[in-house]
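Going by our numbering, the sequence shown opens with residue 290, and the numbers climb by one from there.
In what follows, a single structure is set out as structure tokens and then discussed.
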Amino acid sequence: MSEHHSKYVIVGGSAAGMAAAHAIRQKDARGTITVLSEESDAPYFRPLIPFLVSGRKQPDEVAMAGCGPYTGADITVRTGARVASLDPAARNVVLEDGSAHGYEKILVATGSRPYIPPEIEGTEAGGGLCPADPGRRSSHGGQS
């Protein structure tokens, strides 16, 4: 049996998942909506990353949850919630931490991962950022 239950569960907290949550809320004002995101940071507007890195925006200014159409929308976002398995017959999602979440309707909106061919020089050097956390930012007055 599930530890949690929502009418709608969305797996993936990026633009597609959050837009779907908002669209569902517009059609169903009362149904519980839970977004399961494996990322440790709350969903944020990725096109605003250059402004975050340059210091023209703060992390709370690029956050999706609680902003714009998500303000007061009563959408639960669980970060660090990596899905281990999905059982459509039982209408149940099990997370890697062992917790379970039941649902009536589910949307899997996990997005994609970029493919960087291994033959491109310098790709092994790292240096990527996770801009949502200012402690991990490495902005040195950059401009976009």
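Cβ atoms here follow ideal geometry from the backbone N, Cα and C, with glycine treated the same way.
Measure the alpha-carbon distance for residue 401 versus residue 319 and round it to whole angstroms.
Taking the sequence shown and counting its residues from 1, the one referred to as residue 401 is at position 112. Taking the sequence shown and counting its residues from 1, the one referred to as residue 319 is at position 30. Roughly 31 Å between the two C-alpha positions.
Consult DSSP for residue 345 and reduce its assignment to one of helix, strand or coil.
As a working note, residue 345 is residue 56 in the sequence shown. Residue 345: coil per DSSP, three-state reduction.
Any idea if residue 374 is buried or exposed, counting beta-carbon neighbours within 10 angstroms, 16 or more meaning buried?
In the sequence shown, the residue the question calls residue 374 occupies position 85. Residue 374 should be labelled exposed.
Tell me whether residue 350 sits in a helix, a strand or coil according to DSSP, three-state version.
Reading the sequence shown from its first residue, position 61 is the one you call residue 350. Residue 350: helix per DSSP, three-state reduction.
Helix, strand or coil for residue 379, going by three-state DSSP, please let me know.
Start at 1 with the first residue of the sequence shown, and residue 379 comes out as number 90. Coil at residue 379, not helix or strand.
With distances taken from CA atoms, which of 390, 378 and 353 is nearest residue 371?
The residue you call residue 371 lines up with position 82 of the sequence shown. The option with the nearest alpha carbon to residue 371 is 390.
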